[in-house]
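A quick write-up on the structure given underneath.
Protein chains: 2
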Amino acid sequence: MIKLCKALDAVLDNASLLESETIPLDEALNRVLAENINSKDNLPPFNKSSMDGYALKSTDTGEGQSKFKIVGSIKAGDVPRTEIKKGEAIKIMTGAAVPKGADAVIQIEKVKTCKDELEVCGKVCEGKNVLMEGEEIKKGDSVFERGTFLRPSEIGMLASLGYGRVQCYRKPKIIIITTGDELVGVDDKITEGKVRNCNEYALVALSKNLNVSVKSYGIVEDQKEKILGAVKNALEEGDIVITSGGVSVGDYDFIEDVLHEIGADIKFTSVEVKPGKPVTFATFKNKLFFGLPGNPLSVINTFEIFAAPAVKKMMGRKDVINDEFPVILEDDFKSKGDRDNYIYVNIEKKDGKYYARNTGMQSSNALFTLTRSNGVIIIKKGIKSVRAGDILNGKFIFK
Amino acid sequence: MIKLCKALDAVLDNASLLESETIPLDEALNRVLAENINSKDNLPPFNKSSMDGYALKSTDTGEGQSKFKIVGSIKAGDVPRTEIKKGEAIKIMTGAAVPKGADAVIQIEKVKTCKDELEVCGKVCEGKNVLMEGEEIKKGDSVFERGTFLRPSEIGMLASLGYGRVQCYRKPKIIIITTGDELVGVDDKITEGKVRNCNEYALVALSKNLNVSVKSYGIVEDQKEKILGAVKNALEEGDIVITSGGVSVGDYDFIEDVLHEIGADIKFTSVEVKPGKPVTFATFKNKLFFGLPGNPLSVINTFEIFAAPAVKKMMGRKDVINDEFPVILEDDFKSKGDRDNYIYVNIEKKDGKYYARNTGMQSSNALFTLTRSNGVIIIKKGIKSVRAGDILNGKFIFK
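Chains as they are written, first to last, in my numbering: chain P, 100 to 498; chain W, 100 to 498.
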């Protein structure tokens with residue numbers, strides 16, 4: 100049984116950034132850039148009107164009233180061919196290029212017009228309502244560095260810079276294998292000794308929320324040869340293989356045997372964490388293998404602690420570990436003290452502070468408790484009881 | 100020009116919960132339940148061993164050493180046919196049904212065995228390592244109420260309860276229409292007067308992150324008939340239609356005319372918000388129409404303020420409006436004071452408090468500023484300047 104922090108170190112040391120691939124921009128949302136992006140153009144690419152109005156020379160305006168001859172109209176997208184001369188103005192739409200000679204735009208709401216005559220009251224400053232060429236970004240400027248996470252704003256920015264395809268780190272492919280002869284399908288009736296397969300659904304959902312590709316091999320019988328075959332295929336097909344069940348000390352727990360037979364490099368088989376002690380982690384070539392326990396709460400807890408950070412690191416994300424923060428307890432909690440104990444709770448923010456409430460029994464099968472929780476608090480190894488009012492570290496779950 | 104809060108009220112008053120539909124459980128992640136879920140079984144469905152060990156009668160153990168005859172073995176999934184009698188024990192695997200007569204399981208690590216003889220040291224309490232039938236959930240218990248957001252934990256729970264299909268609120272279909280004769284495609288070279296189409300990419304990305312279905316009609320020319328045709332089709336095909344551009348007072352801003360012609364019920368055409376004043380909202384039958392401005396920062400700001408809450412409400416989510424919290428300014432900021440001013444900033448948490456830093460110019464085209472920001476602070480209408488040290492309300496973006 101190794102310490103939780105050592106186990107996590109072992110996982111992260113072996114989770115390597117995947118290679119990059121060039122993908123269409125519309126598939127790049129929530130991916131991580133694997134190239135530096137420099138601007139190929141000035142942005143805006145020309146002096147641009149930010150208002151509907153009239154473009155003119157600011158020096159033609161003054162304290163009192165000024166009159167102008169309206170010499171035409173420019174809409175967005177037009178190439179302005181006219182040069183504005185002294186005493187002239189041109190109607191201009193938002194987003195249109197400001198023509199030569201003009202250095203300011205006065206808003207349409209602020210002028211009077213009569214036929215081709217424009218009347219302006221007061222001074223219009225140079226540059227008024229004009230976005231200057233290169234004001235936002237200059238040609239050659241560094242815009243995004245390798246490692247940037249692509250949100251809707253970055254996707255829009257890349258489009259405006261002409262990057263219809265971008266280089267991103269590949270997302271890992273996760274293969275899910277569910278073991279356990281006690282499992283029946285979700286649509287089956289429960290007969291004696293059987294329970295329904297819920298881990299497969301939970302693991303697929305957890306993977307989907309990480310924006311990776313995921314494939315489930317379904318339920319594999321508790322027979323060593325069958326599990327061996329499935330794990331071999333999975334390590335061939337996926338970047339990360341996740342099994343549930345078969346990792347304890349029972350007569351039908353074949354995962355460790357299978358890993359030995361394959362020649363995988365087993366890093367740990369048991370961690371000082373509750374729920375989820377019998378968790379196995381191994382590497383095979385550049386692939387990662389997580390053997391998670393069979394109990395539903397243990398499965399989710401160990402996925403979140405070990406698999407999720409590995410996935411994020413492999414796809415280049417910087418938010419590998421979710422932030423912990425101090426949480427004030429509103430209830431007493433007990434722990435055995437032999438492991439770091441993850442207690443699922445409801446965390447509420449009041450006046451800028453976080454408070455945690457008990458949401459029910461914490462046995463490793465208590466998935467129902469998890470559905471009533473939005474967070475977790477961690478009672479460190481060595482501590483056997485904490486009281487209402489105590490402050491522990493906690494975090495939100497599924498973030 | 101109406102107040103921001105009135106505009107948001109108008110949007111939310113018209114955003115009605117969509118009808119429900121029955122979908123496979125593996126498509127229900129991040130959807131909202133439209134039915135109450137009661138358990139059809141006890142969970143666990145039988146007295147279940149939580150450990151690998153030996154099942155026995157707790158009354159057969161005592162202070163000292165007790166010996167048992169091992170009468171067989173039960174693995175997970177087996178139907179236990181044996182009844183345990185005084186002095187007998189049976190080997191049992193984690194997850195297996197505890198046979199009649201036995202009321203406790205002692206862990207395999209804590210016993211000695213020799214052939215079919217088991218030696219136990221000390222008292223084993225009644226119920227030790229046994230999860231009792233119905234301990235987690237009893238048949239008929241309410242598990243989830245209509246309105247529950249389905250995370251991986253709820254998906255797992257529904258699987259274990261035998262819900263292979265669930266009733267969820269339908270997710271809205273969003274149609275995106277991009278207008279502007281100044282726009283060229285992302286792969287095109289910029290020629291004079293032209294800029295690349297980035298709003299379409301940003302709007303599709305914003306929609307995808309809300310887990311809705313989204314379709315883009317691409318760029319539609321600034322011709323009234325073409326925009327009319329596109330908007331008509333979109334209102335037929337989608338639940339929500341979002342346009343960008345064409346909503347100001349320019350000669351080629353046809354959105355308002357088109358809405359009048361269709362007979363849509365225009366709720367507002369201008370809101371006291373910066374960036375994004377010229378934002379139009381209308382309803383047509385039970386469909387929603389958002390006419391967003393053409394500037395990239397305005398588009399994202401108004402999508403987040405108006406469209407995102409509408410989408411969330413329609414699909415049954417309760418987190419319709421993102422939480423605001425107090426943010427301490429680290430820089431001075433200016434505002435015109437004529438509207439609620441959304442300033443994009445970088446928010447950092449230090450010692451439990453949030454601090455905001457300037458990330459650049461805030462003009463409505465300044466998408467680059469947004470890419471350097473993770474949050475927004477709001478300078479309320481009437482306030483013209485705020486100073487470092489002042490506290491304003493703010494929130495994280497893209498949450």
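Positions of the beta carbon are idealized from the N, C-alpha and C atoms, including for glycine.
Just checking: is the beta-carbon of residue i within a distance shorter than 8 Å of some beta-carbon in chain W?
| i | result |
| --- | --- |
| Val-178 (chain P) | yes |
| Asn-296 (chain P) | yes |
| Ile-361 (chain P) | no |
| Pro-271 (chain P) | no |
| Pro-374 (chain P) | no |
| Val-467 (chain P) | Looking at the sequence provided, one finds Phe at residue 467 (chain P) rather than Val. Cβ-Cβ to chain W under 8 Å: yes for Phe-467 (chain P). |
| Met-192 (chain P) | yes |
| Pro-198 (chain P) | no |
| Ile-189 (chain P) | no |
| Tyr-300 (chain P) | yes |
| Ile-476 (chain P) | no |
Return the CA-CA distance between residue i and residue j, expressed in angstroms with no decimal places.
| i | j | result |
| --- | --- | --- |
| Lys-184 (chain P) | Gly-345 (chain W) | 30 Å |
| Asp-159 (chain W) | Lys-199 (chain W) | 15 Å |
| Lys-293 (chain P) | Ala-201 (chain W) | 19 Å |
| Gly-176 (chain P) | Ala-196 (chain P) | 8 Å |
| Phe-380 (chain W) | Asp-338 (chain W) | 14 Å |
| Ile-399 (chain P) | Gly-493 (chain W) | 33 Å |
| Asp-350 (chain W) | Ala-154 (chain P) | 15 Å |
| Gly-375 (chain P) | Leu-132 (chain P) | 34 Å |
| Pro-425 (chain P) | Arg-130 (chain P) | 30 Å |
| Glu-118 (chain W) | His-359 (chain P) | 53 Å |
| Val-370 (chain P) | Gly-436 (chain W) | 58 Å |
| Gly-171 (chain P) | Lys-190 (chain P) | 6 Å |
| Val-210 (chain P) | Ser-165 (chain P) | 10 Å |
| Arg-416 (chain W) | Phe-145 (chain W) | 36 Å |
| Gln-461 (chain P) | Leu-466 (chain W) | 47 Å |
| Thr-368 (chain P) | Phe-388 (chain P) | 11 Å |
| Glu-403 (chain W) | Phe-495 (chain W) | 11 Å |
Would you verify that the beta carbon of residue i is, or is not, closer than 8 Å to some beta carbon of chain P?
| i | result |
| --- | --- |
| Cys-213 (chain W) | no |
| Ala-175 (chain W) | yes |
| Leu-124 (chain W) | yes |
| Ile-72 (chain W) | Only positions 100 to 498 of chain W appear in this structure, which leaves residue 72 (chain W) out of reach. |
| Gly-337 (chain W) | no |
| Ser-369 (chain W) | no |
| Leu-391 (chain W) | no |
| Asn-440 (chain W) | no |
| Pro-279 (chain W) | Checking the sequence shown, residue 279 (chain W) turns out to be Gly, not Pro. Gly-279 (chain W) counts as touching chain P. |
| Tyr-351 (chain W) | yes |
| Gly-171 (chain W) | no |
| Thr-470 (chain W) | yes |
| Glu-182 (chain W) | no |
| Glu-216 (chain W) | no |
Is the beta carbon of residue i sitting closer than 8 Å to the one on residue j?
| i | j | result |
| --- | --- | --- |
| Arg-456 (chain W) | Glu-423 (chain W) | no |
| Asp-151 (chain W) | Ser-347 (chain P) | yes |
| Ala-258 (chain P) | Leu-217 (chain P) | no |
| Arg-245 (chain W) | Asn-394 (chain W) | no |
| Ala-407 (chain W) | Ile-341 (chain W) | no |
| Asn-113 (chain W) | Thr-401 (chain W) | no |
| Tyr-300 (chain P) | Leu-249 (chain W) | no |
Can you tell me where the alpha helix (DSSP H) holding residue i begins and where it ends?
| i | result |
| --- | --- |
| Pro-408 (chain W) | 407–413 |
| Phe-467 (chain W) | 466–470 |
| Asn-400 (chain P) | 395–401 |
| Asn-47 (chain W) | Because chain W spans 100 through 498 in this model, residue 47 (chain W) falls outside it and cannot be assessed. |
| Asn-113 (chain W) | 103–113 |
| Gly-255 (chain P) | 251–259 |
Let's see if you can read the secondary structure: which residues bound the beta strand (DSSP E) around residue i?
| i | result |
| --- | --- |
| Lys-325 (chain P) | That residue, Lys-325 (chain P), is in no beta strand (DSSP E); its alpha helix (DSSP H) goes 323–336. |
| Pro-123 (chain W) | 119–123 |
| Ser-172 (chain P) | 164–173 |
| Leu-358 (chain W) | No beta strand (DSSP E) holds Leu-358 (chain W); the alpha helix (DSSP H) holding it covers 354–361. |
| Ile-205 (chain P) | 203–206 |
(request) Determine contact between the stretch 258–267 of chain W and the stretch 288–308 of chain W, defined as no fewer than three beta-carbon pairs at a distance below 8 Å. (result) no
(request) Pair every Cβ in the stretch 307–319 of chain P with every Cβ in the stretch 265–280 of chain W, then say whether three or more of these pairs are closer than 8 Å. (result) no
(message) Counting beta carbon pairs with one atom in the stretch 471–487 of chain P and one in the stretch 104–124 of chain W, are three or more of them shorter than 8 Å?
(response) no
(message) Check whether the stretch 231–245 of chain P and the stretch 281–295 of chain W are in contact - that is, three or more C-beta pairs closer than 8 Å.
(response) no
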